[in-house]
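Peer 1:
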Amino acid sequence: MIRQQVKYGLLLILIGASLQFSVKARGRFLLMEWNVENLYDTCHNEGIDDYAFLPNGSYRWTGQRYLHKLRLIAQTIASAGGVSPVDLIALCEVENDSVLKQLTRYSVLGRLGYQYVMTHSPDLRGMNVALIYQPGRFKLVDVRSIHVPPNRGERYTRDILHVVGILPTMDTMDVYVCHLPSRSGGQFVTDSYRRRGAGLIKKSIDSVFCHRIKPMIVVTGDFNDEPHDNSLRKVMEVKKTSKASVIMDSEMYLLSDGLKTKSGVEGTYFYKERWNRLDHVLVNGRLLKSDSSFRLGSQGCSILDFSWLLKRDSKGRYVPRRTFLGTFYQGGLSDHLPLLTQFEF
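Residue 215 in the numbering used here sits at position 163 of the sequence shown, with consecutive numbering throughout.
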């Protein structure tokens with residue numbers, strides 16, 4: 053009888069240990085992407101054309117408006133994580149270190165210990181891209197900026213951010229954050245500029261495939277192009293997961309295509325009476341395989357449509373509650389909606 057009790061006790065211990073290991077071994081990892089639309093501070097930065105976003109500028113960008121926007125951005129990031137914080141946040145249209153320090157240290161995010169890296173681009177408007185990360189979940193290894201040189205007659209654009217880090221599984225992940233040249237001046241005229249930017253990302257990715265064993269790659273940001281446009285379809289040769297019969301580690305796949313929310317949102321940017329899909333999340337095939345130590349989770353990629361991010365237009369449709377409409381202050385956050393991607397391990 054005593055021997056049976058001992059065996060039963062040992063069995064419970066083994067089961068408990070097994071369950072404890074499975075809980076520790078499995079987890080979720082969240083990536084958020086967001087173009088936050090002209091996140092300027094209220095001070096002039098030498099060499100930057102930010103005069104419109106000063107308190108006496110055309111946008112009347114006061115400290116009160118600036119802090120209101122920071123609070124709402126922080127609220128969105130905090131809410132996106134739910135029970136656990138978002139691990140990586142890729143941001144487009146941030147001006148400088150000042151705005152990121154205030155966002156990560158002096159908002160509701162301050163207690164979460166976020167750190168950040170960013171580009172310092174030659175963009176005349178002072179716009180940059182950044183990656184905010186949790187150092188306990190993404191151990192920084194390397195940071196590089198990829199410059200996209202303009203041709204004659206083209207304005208300087210944002211650099212591409214390439215960040216390398218170690219995941220909780222001890223795998224190495226390469227993350228690219230981009231904000232490719234805008235369509236200002238016409239989509240056709242500016243197409244070659246975006247293709248050149250996409251080509252530089254593709255060249256860097258090919259290099260990673262060559263020298264890294266079992267690479268894990270994420271490319272995210274505002275491409276200013278839709279999935280069927282040249283930069284994604286022809287240059288980066290992105291595949292759609294729904295149409296892929298075989299998943300290849302060395303191919304890039306689009307996660308952000310065909311998304312729709314319960315509120316009727318079908319893209320991240322609303323322009324000329326329709327939803328545009330300009331913000332994207334791309335991953336290489338290894339992140340789609342069920343036997344990978346770190347992989348896409350069951351919730352996949354989704355558009356965040358919190359109530360404070362949206363408003364109803366004159367036709368009753370939900371559209372982004374942007375900061376400005378022209379120079380008229382709207383009190384919102386951005387003309388883009390965020391993307392949230394869940395991974396698991």
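Each residue gets a CB set at the ideal place from its N, CA and C atoms; glycine is no exception.
1. Note down the Cα distance separating residue 185 from residue 243, rounded to an integer number of angstroms.
2. Give, in chain order, every unbroken run of the alpha helix (DSSP H) that is at least 4 residues long and sits entirely within the region 103 to 179.
3. Is the beta carbon of residue 393 sitting closer than 8 Å to the one on residue 333?
4. Could you tell me whether the region 302 to 318 touches the region 343 to 362, where touching means 3 or more Cβ pairs closer than 8 Å?
5. What residue range does the beta strand (DSSP E) around residue 339 cover?
6. In three-state terms, what does DSSP make of residue 276?
7. Taking the alpha helix (DSSP H) that residue 243 belongs to, which residues open and close that run?
8. Thinking just about the alpha-carbon of each residue, which of 166, 335, 92, 105 is nearest to the one in residue 268?
9. Taking the C-alpha atoms as reference points, what is the distance between residue 98 and residue 368?
10. Going by beta-carbon coordinates alone, are residue 174 and residue 208 separated by less than 8 Å?
11. Ends of the beta strand (DSSP E) at residue 327?
12. When you compare only the Cα positions, how much space is there between residue 85 and residue 145?
13. Is the separation between the beta-carbon of residue 240 and that of residue 217 shorter than 8 Å?
14. From the DSSP output, in three-state form, read off residue 297 for me.
15. What did DSSP end up calling residue 308 once you bin it into helix, strand or coil?
16. Measure the C-alpha to C-alpha separation of residue 164 and residue 137 and round it to an integer number of angstroms.
17. Is the separation between the beta-carbon of residue 183 and that of residue 215 shorter than 8 Å?
18. Tell me whether the region 360 to 380 and the region 282 to 292 touch, counting them as touching only if at least three CB pairs, one residue from each stretch, are closer than 8 Å.
Peer 2: Once the coordinates are examined:
1. In the sequence shown, residue 185 corresponds to position 133, counting from 1. In the sequence shown, residue 243 corresponds to position 191, counting from 1. The straight-line gap from Cα to Cα measures roughly 32 Å.
2. With a minimum length of 4 residues, the continuous alpha helix (DSSP H) runs that stay inside the region 103 to 179 are 115 to 133, 149 to 157.
3. Here residue 393 refers to the residue found at position 341 when the sequence shown is read from its first residue. Here residue 333 refers to the residue found at position 281 when the sequence shown is read from its first residue. Yes, the Cβ-Cβ distance between residue 393 and residue 333 is below 8 Å.
4. yes
5. As a first step, residue 339 is located in the sequence shown; it is residue number 287 there, counting from the start. Premise fails: residue 339 is in no beta strand (DSSP E) and is neither H nor E.
6. What you label residue 276 is simply residue 224 of the sequence shown in a count that begins at 1. Coil, per DSSP.
7. By one-based count along the sequence shown, residue 243 stands at place 191. Its alpha helix (DSSP H) spans residues 239 to 263.
8. In the sequence shown, the residue the question calls residue 268 occupies position 216. When each option's Cα is compared against that of residue 268, the closest is 335.
9. Position 46 of the sequence shown, counted from the start, is the residue given in the question as residue 98. Position 316 of the sequence shown, counted from the start, is the residue given in the question as residue 368. So the two alpha carbons sit approximately 43 Å from each other.
10. Translated into the one-based positions of the sequence shown, residue 174 becomes position 122. Translated into the one-based positions of the sequence shown, residue 208 becomes position 156. Contact: yes.
11. Within the sequence shown, the letter at position 275 stands for residue 327. 326 to 328 is the span of the beta strand (DSSP E), which, as asked, contains residue 327.
12. Position 33 of the sequence shown holds residue 85. Position 93 of the sequence shown holds residue 145. Those two C-alpha atoms are separated by around 12 Å.
13. Position 188 of the sequence shown, counted from the first residue, corresponds to residue 240. Position 165 of the sequence shown, counted from the first residue, corresponds to residue 217. Contact flag unset, no.
14. Taking the sequence shown and counting its residues from 1, the one referred to as residue 297 is at position 245. If DSSP states are grouped into helix, strand and coil, residue 297 belongs with coil.
15. Residue numbering aside, residue 308 sits at position 256 when the sequence shown is read from its first letter. In this structure, residue 308 counts as coil in the three-state DSSP scheme.
16. The sequence position of residue 164 within the sequence shown is 112, counting from 1. The sequence position of residue 137 within the sequence shown is 85, counting from 1. About 8 Å.
17. As a position in the sequence shown, residue 183 is number 131, starting the count at 1. As a position in the sequence shown, residue 215 is number 163, starting the count at 1. A contact, by the Cβ cut-off of 8 Å.
18. no
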